[in-house]
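Protein chains in written order, with this note's numbering: chain X, 27 to 384; chain U, 677 to 972; chain V, 42 to 700; chain P, 69 to 341. Note that beta-carbon positions come from the ideal geometry of N, C-alpha and C, so glycine has one too. Bear in mind that the values here come from a model prediction, so they are computed numbers and not experimental data.
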């Protein structure tokens with residue numbers, strides 16, 4: 027309906043290879059970014075703090091996991107721990123080099139996660155599928171153990187938790203209690219947009235193709251000259267980098283403080299759900315999955331209030347858990363390929379409109 | 677101007693003819709075992725694969741569906757055996773009758789119980805089971821006791837002596853031809869009245885292809901099993917089939933007795949590779965295509 | 042460097058001019074290797090120049106005839122200009138003509154050179170080479186499969202260009218080439234187009250540069266075409282329409298011509314380009330509409346309802362809005378919503394979003410079809426033309442559109458109606474004559490330059506021309522009633538289910554017709570009504586299809602009964618043919634016109650049966666494959682009677698028509 | 069702008085003239101556990117020829133291809149490629165040295181489009197580093213576009229332009245085989261191994277595939293080794309034929325001679341064709 031593609035033809039490969047070759051998509055993306063920029067103007071602090079910020083952070087983590095699982099076909103259950111590596115290393119960097127800007131620390135902390143990710147990615151050369159998932163699970167437990175047992179990581183705090191110091195960017199506080207939600211939101215938005223752009227660049231180039239080749243048919247990939255070691259480890263590295271940055275952002279710009287529970291296996295599963303519900307192998311899916319998994323509980327909790335029911339908190343919690351569980355199952359039955367696929371179908375329908383098929 | 681045609685073209689009203697085909701009249705005479713009426717299949721809600729395919733298999737017949745890749749042969753078989761769901765396909769129009777009963781709502785399993793079984797393309801043997809174990813899985817739906825099953829196993833081995841030789845080998849390690857035999861043998865173990873056979877000759881050596889078709893013929897004449905087979909190898913299929921349908925782009929474009937089809941000029945030209953002076957050389961293929969004249 | 046002298050009176054001169062004036066503007070596009078490869082006017086100038094000089098090096102001389110055979114590909118269009126630059130005469134030939142058809146034209150025109158598309162055409166020419174002593178050189182565009190052809194008179198287009206480029210490196214070569222162009226005059230023979238004609242051998246229509254240049258310029262002015270327009274070239278090169286639209290008008294206006302990836306992808310490519318100017322014979326518009334309706338049949342109920350609702354809205358208001366008549370606010374609002382939900386997307390799917398002007402010509406278009414497109418807000422118009430007139434005889438000016446006229450005389454065209462009702466015209470576009478056929482030239486063109494169109498028609502009170510039928514086709518039944526075959530056939534063909542119709546009746550007792558079903562809608566209808574069929578033949582012969590046809594025939598009869606002049610020409614008996622009429626079998630011309638005499642001979646048995654009261658008839662028909670080989674198909678064709686209605690009073694007819 | 073000229077000739081200047089030995093297999097024996105898949109087989113492939121390998125199912129033909137491109141490592145025997153004996157070679161090393169292949173049952177990257185599948189064949193020829201890839205615009209994009217151009221030539225050559233953007237998983241089998249051939253061609257190999265390129269095809273598709281194979285061989289000068297069951301195809305296309313049966317070589321020679329060979333008739337053809 028909205029798609030009017032007649033007359034949009036490409037006379038060179040540059041235009042043909044663009045991520046959004048259709049004008050309407052570019053307009054749509056532009057609108058979304060404008061809306062995202064306007065959120066703090068119209069939205070409440072509650073919306074920003076409880077939804078927008080965590081949504082963006084988890085979308086970033088989902089992109090990380092999606093690169094590994096959706097694009098490279100390597101199942102991982104260690105996302106939470108890799109996020110933790112990012113968070114702890116950022117904490118250490120911030121305390122060791124307090125004069126360096128915190129944003130640089132956040133971006134650097136991803137590299138520590140990437141390194142750790144590579145190490146735990148090594149078994150992927152020999153084992154696949156569920157077996158690999160179990161080794162990443164081992165990584166999760168091992169790293170959790172490290173976060174507790176190596177007090178150096180949390181500077182020997184009594185609480186065992188890491189706490190975020192106040193830091194500024196151009197004089198404006200961006201971390202710590204004084205940082206306003208609006209400022210934190212804009213910083214995160216900028217980082218997430220930038221990193222998503224980088225992810226999309228990687229995916230559509232040679233490196234991304236080599237990941238997908240490994241995912242789809244590893245023997246054929248080898249015949250095309252792909253070295254499995256390089257492809258898989260690069261996927262682990264990039265994936266962990268994204269998770270690491272997401273972890274650092276989560277602690278520094280959202281939670282403000284964290285202990286080992288913040289990076290537990292539950293987080294791994296949460297991100298995995300986001301990827302599955304959003305759609306394997308789709309960047310847009312990561313955002314949709316994160317919005318759904320993160321937004322749904324909030325919505326379910328807020329709904330009775332909005333409709334004027336008074337319910338005690340624990341009932342709401344129980345109901346919301348049940349509803350979310352049921353919704354996830356229902357959704358996966360209806361559309362096992364996730365929101366991304368659903369969106370693709372809708373888009374296809376709109377492009378073919380008014381005809382039922384193309 | 678034109679009062680009779682004043683109705684704007686949008687409202688194309690096709691005449692509603694009074695004698696709308698009553699299915700009661702159409703119910704096949706006793707000798708028809710399978711009847712496919714006008715089925716349309718859509719994949720993924722958007723891709724139209726079959727457009728009104730109809731065909732009939734007489735009891736005790738060997739019927740071949742021929743045509744290019746992507747013409748819809750496999751889809752037709754899967755529509756019959758109800759295996760489309762797994763590929764997000766739907767039969768959106770038409771109906772399918774097996775022994776006079778509508779079978780669209782039956783599961784593949786129920787269908788096997790009613791005597792119709794499909795042997796899939798690419799054979800799909802259980803690679804980690806032995807040949808004999810594979811065959812026995814075929815008897816899974818039967819309730820007539822182990823003695824009868826034993827007897828049938830013997831029968832299968834008689835038809836496929838090669839399988840007897842290799843009965844203890846893991847199916848995964850047998851050759852393509854043996855796997856094909858194993859798959860057919862496994863189907864036989866369910867004591868079917870009808871077997872849907874998808875590409876039996878695919879990837880097999882010429883000698884084996886002959887062998888398998890000979891067995892199909894024997895099973896057909898000795899055991900009375902009806903066959904509906906989808907086949908690329910038009911040459912051999914038309915030698916063994918009593919009747920053939922040629923599918924193109926999801927439509928039946930030509931049908932007829934096997935022998936008649938073999939004589940059809942277009943079939944000769946486009947499917948048998950026989951030109952005016954015998955077989956054409958593959959070296960002489962041109963870079964342009966002659967149009968098919970099916971529809972004329 | 043290109044220097045101009047004198048007037049712009051030949052296409053090569055226009056090329057030099059455009060290369061300067063529109064240097065960086067796109068001149069031609071071709072969907073190839075996944076994108077629209079684009080040549081600017083200066084790049085195209087270079088391509089043509091190189092090729093032209095290369096041709097000269099191969100020995101092409103002033104006055105030589107050059108056959109151009111193939112589909113719409115840039116290199117073939119360039120060939121026209123490259124040949125003309127040397128003073129040669131291009132002769133485009135229908136690419137789907139079988140070898141025997143081609144022999145006549147190439148022999149008659151004495152072509153020395155042939156520029157062809159691919160292996161298929163090369164093979165065809167090689168197979169008839171012995172009959173063409175004059176043919177010396179063949180140049181091919183696409184080299185696939187031609188690698189191991191050893192004939193030394195075969196040349197690759199690219200190599201000819203390379204040779205040309207090499208020669209151009211020498212001093213003076215370019216100046217020579219330009220001098221050659223400047224030698225050309227407006228009165229020179231520009232192109233020869235063979236009209237297939239419904240009877241007899243093809244005739245070579247000679248058109249001068251003056252003919253084409255003036256006609257093109259007039260047409261550009263008439264509809265305001267300039268260098269910003271884009272068209273898609275998909276009609277046969279050998280047809281005068283394509284020569285004017287894709288070559289003449291492009292050269293004179295400087296607009297961009299887009300060549301589709303292949304003949305199969307025209308629809309898709311048109312959607313990508315969204316041409317600003319679109320020409321199609323009625324059958325294309327019919328086909329598109331049929332496809333739209335068929336596809337909408339598969340839509341969900343709600344969507345279907347919405348679709349038809351808004352089409353109704355369009356039917357009521359669309360044309361009035363297009364014609365600038367007054368409409369109420371509600372009407373405009375509904376139309377706007379319809380535009381968003383239906384018309385816009387539909388035009389988008391058809392690739393007509395940017396269309397400024399669309400033309401249909403060549404045949405009568407069904408009024409409903411015509412109105413449909415106009416109601417969507419598309420400025421579809423009719424024109425009337427001929428090869429002999431360099432296309433334009435009449436065209437509908439903006440705002441004066443109706444389905445049953447073909448418009449007012451085009452600029453510089455005079456129209457006269459002869460005593461027998463035949464339409465005559467005189468214009469700057471009038472052809473020089475038929476090649477090597479003085480006699481035919483004299484028959485067609487009078488001393489004073491008036492040309493006989495062969496069509497019967499009249500000018501209505503608004504000065505718009507109406508065409509009734511081919512003058513010589515209008516016959517009489519034995520009872521003296523008038524029998525206009527095409528008039529009846531067109532009425533039948535306006536039904537989407539009927540693809541072709543042939544009416545018989547001249548010198549007989551009553552009118553009978555032979556019909557061809559249109560497979561797409563009929564097959565779809567069959568599916569929906571659960572009618573099993575295996576082949577075209579079986580479907581065509583199906584009793585329910587006959588019932589459907591009977592209803593259409595009856596409608597036409599009712600319609601005829603309401604018109605006094607033709608009430609006697611109602612259809613008494615009809616049959617549905619077992620095969621499609623086909624140009625390969627000679628039953629249609631390459632422009633899809635029915636060849637009556639041939640059909641009368643071929644289907645003699647069936648025609649006999651139509652008049653001897655038989656219920657059915659067994660026939661065997663020969664069919665010709667594209668490569669000229671023959672086969673046979675046989676069938677038993679049923680024959681049905683149709684009800685003949687009493688002629689309605691004129692007043693009654695008027696009343697009904699007014700409703 | 070002109071249509072790019074077709075230029076996919078294998079670029080290596082290896083000094084091997086047409087007709088000289090490109091690959092030789094000497095006394096190769098391959099065992100899996102106790103099973104001998106290939107037993108003491110020797111043959112050679114000459115530069116520029118089309119070499120057919122035929123034999124009954126399970127004769128070891130596919131194993132032979134797997135040995136040649138490094139999936140299996142034979143226990144005995146020597147393989148020489150371009151005159152060099154090679155030891156345990158990994159498949160990606162074989163690819164880098166100029167050997168490409170297709171699979172019997174099509175091993176495409178099913179989640180990717182036709183275009184991306186063929187692009188994947190260009191991986192070896194692309195070398196822009198991680199950093200440029202991250203920012204894409206600039207060198208990475210230029211490289212991508214340069215290879216896109218070559219890939220489009222292959223798409224044009226194989227006449228699969230209409231499925232360029234479609235995910236290959238949903239394509240009909242015949243087209244998948246064509247895409248797979250395209251992917252192999254994208255490597256610009258010296259030696260192309262085709263494992264039953266015509267399996268499951270009807271006549272028309274076989275004719276198309278034959279045409280492509282001949283064109284690849286003639287236009288690009290690519291040496292081709294193919295396994296095929298359709299004797300018509302083998303007779304018409306192959307310059308020489310080697311016949312395997314139960315892992316052993318039973319015949320080797322011109323197609324006509326092989327076809328008349330009694331051992332071959334007994335083991336493979338059944339009836340003389």
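Contact check, residue i vs residue j, beta carbons under 7 Å
| i | j | result |
| --- | --- | --- |
| residue 356 of chain V | residue 416 of chain V | yes |
| residue 305 of chain X | residue 366 of chain X | yes |
| residue 321 of chain X | residue 88 of chain X | no |
| residue 919 of chain U | residue 893 of chain U | no |
| residue 311 of chain V | residue 381 of chain X | no |
| residue 160 of chain V | residue 186 of chain V | yes |
| residue 184 of chain X | residue 177 of chain P | no |
| residue 223 of chain P | residue 217 of chain P | no |
| residue 293 of chain V | residue 261 of chain V | yes |
Selection from the options that minimises the alpha carbon distance to residue i
| i | options | result |
| --- | --- | --- |
| residue 208 of chain P | P:288, P:315, P:93 and P:194 | P:194 |
| residue 549 of chain V | V:252, V:576, V:292 and V:518 | V:518 |
| residue 842 of chain U | U:924, U:819, U:816 and U:810 | U:810 |
| residue 744 of chain U | U:959, U:928, U:960 and U:939 | U:928 |
| residue 725 of chain U | U:870, U:753, U:879 and U:854 | U:753 |
| residue 146 of chain X | X:134, X:136 and X:159 | X:159 |
For residue i, the residue or residues it bridges with in DSSP
| i | result |
| --- | --- |
| residue 614 of chain V | V:553 and V:682 |
| residue 233 of chain P | Answer by DSSP bridge pairing: none, since residue 233 of chain P is not bridged. |
| residue 467 of chain V | V:455 |
| residue 105 of chain X | DSSP lists no partner for residue 105 of chain X. |
beta-carbon residue i near the ligand HEM non-hydrogen atom, thresh 6 Å
| i | result |
| --- | --- |
| residue 284 of chain X | Because no ligand of any kind appears in the structure shown, any question about the ligand HEM cannot be addressed here. |
Under 9 Å by beta carbon: chain P residues contacting residue i
| i | result |
| --- | --- |
| residue 228 of chain X | 198, 201, 202 and 204 |
Contact list for residue i against chain V, beta-carbon separation under 9 Å
| i | result |
| --- | --- |
| residue 32 of chain X | 311, 312, 313, 314, 315, 388, 389, 390, 391, 392, 393, 394 and 395 |
Contacts that residue i makes with chain V (C-beta to C-beta distance below 7 Å)
| i | result |
| --- | --- |
| residue 224 of chain P | 74 |
Closer than 7 Å at the beta carbon, the chain P residues around residue i
| i | result |
| --- | --- |
| residue 928 of chain U | The premise fails here: residue 928 of chain U is roughly 16 Å from chain P at the closest Cβ pair, so nothing lies under 7 Å. |
| residue 842 of chain U | Under the 7 Å cutoff, chain P gives no residues; its nearest Cβ is about 10 Å from residue 842 of chain U. |
Partners in chain P for residue i, counting only beta-carbon separations shorter than 8 Å
| i | result |
| --- | --- |
| residue 40 of chain X | 209 and 213 |
Next item on the list: Enumerate, from N- to C-terminal direction, the unbroken beta strand (DSSP E) stretches of 3 or more residues contained entirely within the segment 169-232 of chain V.
Entry: 178-181 and 195-197
Next item on the list: Only counting runs of 3 or more residues, tell me where the beta strand (DSSP E) segments fall wholly within the segment 800-874 of chain U, in order along the chain.
Entry: 870-874
Item checked: Contained beta strand (DSSP E) runs [length at least 3] in the segment 141-227 of chain X, N- to C-terminal order -> Scanning the segment 141-227 of chain X for uninterrupted beta strand (DSSP E) segments of 3 residues or longer gives 193-195 and 198-201, listed from N- to C-terminal end.
Checklist line | Sequence ranges, alpha helix (DSSP H) only - wholly within the segment 228-290 of chain P, length at least 4 | finding: 241-254 and 271-287
Check: What alpha helix (DSSP H) runs, 4 residues minimum, are completely inside the segment 86-155 of chain P?
Finding: 129-136
Item checked: Ranges of the alpha helix (DSSP H) found wholly within the segment 147-215 of chain P, counting only runs of at least 4 -> 159-165, 182-188 and 198-203
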